[in-house]
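If you're matching positions, the sequence shown starts at 4 in this note's numbering and goes up one per residue.
Glycine is no exception: its CB is placed at the ideal position from the N, C-alpha and C atoms.
This report refers to the structure that appears directly beneath it.
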Amino acid sequence: SLYVSEYFSQSAQKLSFYSWYGNAKLFHFHVPEDTVLLRWLLQASRGKGPECTDMEITVHFRYGAPPVINPLGTRFPANATIRPSYNISITLSSTVQNTTFVNVTTPAAGDWFIAAHLPEAAGRIEVKGFSTPCPYIFQADMFVLRLTDMPVLEPGVAMPQTVVSPAKPLHVKVFVPKHAAGMRFELRSCITSEQKACAVRVVLGSITLPQSYQRIVTCVGSLNCSLALDSPPWEKWLQIMVESLSTANASVSLEMLASFTACRPGSTSSFLNFSSLNQSQTGPRPGHAGTSGSSTLSTREASHNASNQRSFCLQNQPVVREDLDVVSVRYRLLNGPSVPVNSLSPTLLLLNLNTGMDSGGSLVVNLLLNKTSVNLANATVAACVSAASPVLSLNATQNCSTAFFQGYPLSMRTSSAEAMLIVLYPQTDVWFLSLQLICPKGQGECNAAEAKVTVFAYLTPCFNDCGPYGQCSLLRRHGYLYAGCSCKAGWGGWSCTDDTKAQSVGVQNLATLLLTLSNLMFLPAIAVAVYRYYLVEASVYTYTMFFSTFYHACDQPGVAVMCIMDYDTLQYCDFLGSVVSIWVTILCMSRVKKILKYVLFILGTLLIAMSLQLDRRGVWNMMGPCLFALVIMIAAWVYHGVKRRHCYPSSWKRWVFYLLPGITLAFIAISVYAFMETNENYYYTHSIWHVLVACSVAFLLPPRDKHKKPWAWSQKLTCRYQICQNDREELYAVT
4 SLYVSEYFSQ
14 SAQKLSFYSW
24 YGNAKLFHFH
34 VPEDTVLLRW
44 LLQASRGKGP
54 ECTDMEITVH
64 FRYGAPPVIN
74 PLGTRFPANA
84 TIRPSYNISI
94 TLSSTVQNTT
104 FVNVTTPAAG
114 DWFIAAHLPE
124 AAGRIEVKGF
134 STPCPYIFQA
144 DMFVLRLTDM
154 PVLEPGVAMP
164 QTVVSPAKPL
174 HVKVFVPKHA
184 AGMRFELRSC
194 ITSEQKACAV
204 RVVLGSITLP
214 QSYQRIVTCV
224 GSLNCSLALD
234 SPPWEKWLQI
244 MVESLSTANA
254 SVSLEMLASF
264 TACRPGSTSS
274 FLNFSSLNQS
284 QTGPRPGHAG
294 TSGSSTLSTR
304 EASHNASNQR
314 SFCLQNQPVV
324 REDLDVVSVR
334 YRLLNGPSVP
344 VNSLSPTLLL
354 LNLNTGMDSG
364 GSLVVNLLLN
374 KTSVNLANAT
384 VAACVSAASP
394 VLSLNATQNC
404 STAFFQGYPL
414 SMRTSSAEAM
424 LIVLYPQTDV
434 WFLSLQLICP
444 KGQGECNAAE
454 AKVTVFAYLT
464 PCFNDCGPYG
474 QCSLLRRHGY
484 LYAGCSCKAG
494 WGGWSCTDDT
504 KAQSVGVQNL
514 ATLLLTLSNL
524 MFLPAIAVAV
534 YRYYLVEASV
544 YTYTMFFSTF
554 YHACDQPGVA
564 VMCIMDYDTL
574 QYCDFLGSVV
584 SIWVTILCMS
594 RVKKILKYVL
604 FILGTLLIAM
614 SLQLDRRGVW
624 NMMGPCLFAL
634 VIMIAAWVYH
644 GVKRRHCYPS
654 SWKRWVFYLL
664 PGITLAFIAI
674 SVYAFMETNE
684 NYYYTHSIWH
694 VLVACSVAFL
704 LPPRDKHKKP
714 WAWSQKLTCR
724 YQICQNDREE
734 LYAVT
């Protein structure tokens with residue numbers, strides 16, 4: 004045999020602490036056909052700084068779709084499928100780098116996904132630039148060993164083969180046709196080169212994670228052995244591996260035979276399907292000659308199906324796939340939303356999710372039984388949703404399993420007429436919905452009965468759009484798109500349905516009131532500024548108070564939300580007003596000449612607006628203007644002190660009762676803002692920040708000019724002739 008090795012690599016990603024699915028870093032690979040060995044090379048590394056500590060990285064694997072994970076242990080929505088992902092842990096302790104190998108023999112061909120993340124996030128709100136987080140880097144590479152000339156086992160034809168040695172297993176493949184109800188694999192004339200009875204192990208199917216449903220049969224001491232499979236995967240290559248269990252290095256000769264049992268489907272005429280699709284899209288044409296003929300044909304077809312129903316193993320219902328948007332599909336039944344269900348053969352609906360871009364959402368199947376359509380009170384409509392192949396024996400086994408897939412069972416009866424199923428991240432494949440009527444006393448009781456079931460099936464990015472306390476986000480890894488829910492107000496879970504830590508409506512209202520009304524503490528600062536004739540500064544404080552109030556009213560995660568304009572606009576204006584308020588306050592304290600002060604006001608505001616547009620949350624957007632303004636203030640104070648030959652400000656009362664309290668409040672506010680805020684205490688720590696900053700501004704504003712009277716701005720509003728007065732108190736005649 005000729006083996007070819009291939010190598011696939013993707014760029015490394017920086018890992019994040021986990022709080023929602025968007026924090027998990029996704030890697031998407033495609034395993035080619037005829038792969039007999041898959042090896043993952045997982046490389047994890049961390050930085051070398053003192054902030055880097057021992058860390059455990061969790062890596063999840065899944066075939067066909069992104070892994071469904073639950074690191075936080077939250078609840079999934081009702082009726083959702085929950086199958087734990089296969090995962091391993093990689094520990095970074097004393098070593099800076101860790102390399103781990105994961106081997107998978109006979110992997111399934113198609114899409115494979117890896118998701119990696121750090122432990123649960125601590126919840127502390129870190130200001131960008133105050134601390135340097137430790138970088139944890141993860142990279143996944145894939146090696147595959149592919150057999151280029153894998154023998155093909157033709158159905159119904161015995162094929163002699165030889166297992167050379169126990170170290171070299173034999174690989175063959177067989178193609179499963181569509182509508183195959185069963186498969187029988189036989190091993191004949193198995194004998195070793197030493198003319199002894201053989202001992203071999205036969206493995207049918209490929210490995211899929213997190214669950215693998217390979218079928219294994221061991222033949223020891225017998226010349227012939229066989230294995231039967233129900234509902235093998237349609238239109239797929241099925242791998243068969245034969246391993247020798249002999250301890251001696253002897254070859255094994257054998258014959259393999261595969262045979263299939265065909266299933267005859269019954270469905271409405273393809274011409275009728277096309278006619279129904281054409282009329283549903285373009286509408287009926289009045290006066291068309293084919294209208295009456297179509298009605299007659301439909302009646303004949305219905306009677307023909309009823310007479311031959313017993314000879315069919317299933318009844319196909321035509322389904323149209325309608326793509327609505329990214330990861331958004333609606334399935335429409337051509338014969339109406341209701342489908343007939345009987346006990347003779349299952350009714351089958353095909354849901355195509357085989358495009359490669361459908362596995363990043365949620366498949367929702369909603370069934371509703373028409374109670375008036377079932378004459379038997381104890382009858383049950385059994386349903387099964389499965390991938391790759393349908394379940395064709397619901398009336399016999401009712402276990403909803405195929406050869407290599409465990410399906411999702413549903414049931415309806417007159418007492419509970421509705422059933423719902425949510426498949427989170429359905430694997431890339433053709434999915435089937437099988438329905439059949441089952442009677443408790445046997446099939447003969449249901450021969451004349453027929454049930455009507457209304458079927459609603461669709462693919463959505465996020466189930467229920469994440470509810471009122473979540474936001475559905477479309478995520479991307481290279482060209483692959485998938486969706487996840489980001490929860491708020493303490494809600495959690497896959498679809499934000501877990502209310503274990505949810506905030507009550509009263510707490511949400513309290514948080515909104517604290518964050519908005521705390522901005523009213525700027526009113527004393529505004530009054531002080533107006534009283535001392537600092538009208539520009541008072542205008543800036545008013546601007547900050549207004550936009551901070553309505554930004555926090557719009558930024559709330561719960562139901563107590565009010566947005567007077569676009570959220571991004573409110574956020575930008577809030578950040579701009581906060582930084583400009585600090586800028587004008589410090590420049591006002593420097594007591595520079597008015598013309599220079601106003602030039603710095605305008606120039607600084609323009610530069611701050613530019614820097615906030617570049618990086619809104621950067622720490623230097625606030626610290627830069629503050630430090631530069633402090634340099635100007637210190638230089639001006641030194642200049643005034645040297646010129647007057649004593650300390651400036653000269654009054655000890657100014658230092659004790661105004662400057663020191665204001666500086667203390669400012670430092671406490673910065674400490675709370677930078678080091679104490681978390682997601683849980685944000686609403687009251689940030690409110691404290693509002694109060695402290697506003698109070699510090701009221702203390703730090705310098706006293707008014709000696710020649711200015713309190714509320715001197717009101718004198719400018721008089722409407723009469725008066726004597727003009729300049730800063731030197733010189734009198735001028737009014738002409």
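Can you tell me whether residue i is helix, strand or coil according to DSSP?
i, result
"residue 315", "coil"
"residue 735", "Since pLDDT at residue 735 reaches only 38, below the 50 mark, its modelled position is unreliable, and no value is offered."
"residue 587", "helix"
"residue 567", "coil"
"residue 181", "coil"
"residue 528", "helix"
"residue 2", "This structure does not reach residue 2, given that the chain is present from 4 up to 738, and the question cannot be answered."
"residue 657", "helix"
"residue 350", "strand"
"residue 394", "coil"
"residue 685", "helix"
"residue 208", "coil"
"residue 699", "helix"
"residue 473", "strand"
"residue 15", "coil"
"residue 235", "coil"
"residue 704", "coil"
Ends of the alpha helix (DSSP H) at residue i?
i, result
"residue 223", "Careful: residue 223 lies outside any alpha helix (DSSP H), inside the beta strand (DSSP E) at 218-223."
"residue 629", "623-647"
"residue 556", "538-557"
"residue 407", "No alpha helix (DSSP H) holds residue 407; DSSP gives it neither H nor E."
"residue 511", "508-520"
"residue 103", "Unbroken run through residue 103 is the beta strand (DSSP E), 100-108; no alpha helix (DSSP H)."
Within the same chain, show all residues whose beta-carbon is closer than 7 Å to that of residue i, passing over the 5 residues directly before and after it, in chain order.
i, result
"residue 541", "529, 532 and 533"
"residue 82", "423, 424 and 425"
"residue 122", "20, 21 and 59"
"residue 673", "none"
"residue 477", "329, 464, 484 and 486"
Measure from the alpha carbon of residue i to the alpha carbon of each residue in the options, then state which is nearest.
i, options, result
"residue 257", "357, 75, 244 and 455", "244"
"residue 337", "404, 323 and 163", "323"
"residue 627", "432, 344 and 583", "583"
"residue 335", "352, 269 and 56", "352"
"residue 506", "536, 561, 697 and 462", "561"
"residue 501", "509, 510, 511 and 489", "489"
"residue 188", "145, 238, 11 and 242", "242"
"residue 61", "117, 250 and 14", "117"
"residue 704", "671, 664 and 174", "664"
"residue 339", "478, 44 and 458", "458"
"residue 67", "361, 178, 156 and 158", "361"
"residue 51", "88, 104 and 139", "139"
"residue 546", "556, 526 and 564", "526"
"residue 79", "642, 392, 365 and 146", "365"
"residue 585", "479, 595 and 701", "701"
"residue 109", "87, 382, 34 and 57", "34"
Could you name the residues of the same chain whose beta carbon sits closer than 6 Å to that of residue i, not counting the 5 residues immediately before and after it, in chain order?
i, result
"residue 593", "635, 636 and 639"
"residue 675", "688, 691 and 692"
"residue 603", "590"
"residue 343", "453"
"residue 216", "407"
"residue 154", "175"
In terms of residues, what are the limits of the beta strand (DSSP E) holding residue i?
i, result
"residue 113", "113-123"
"residue 596", "Unbroken run through residue 596: none, as it is neither H nor E."
So, at 8 Å on beta carbons, what are the nonlocal neighbours of residue i in its own chain, with the 5 sequence-adjacent residues on each side left out?
i, result
"residue 513", "686"
"residue 6", "39, 148, 149, 150 and 151"
"residue 181", "237 and 238"
"residue 136", "54 and 129"
"residue 619", "574, 575 and 578"
"residue 600", "590, 591 and 593"
For residue i, list the residues DSSP reports as bridge partners.
i, result
"residue 693", "Answer is none; residue 693 lacks a bridge partner."
"residue 341", "457"
"residue 482", "In the DSSP output, where bridge partners are listed per residue, residue 482 has none listed."
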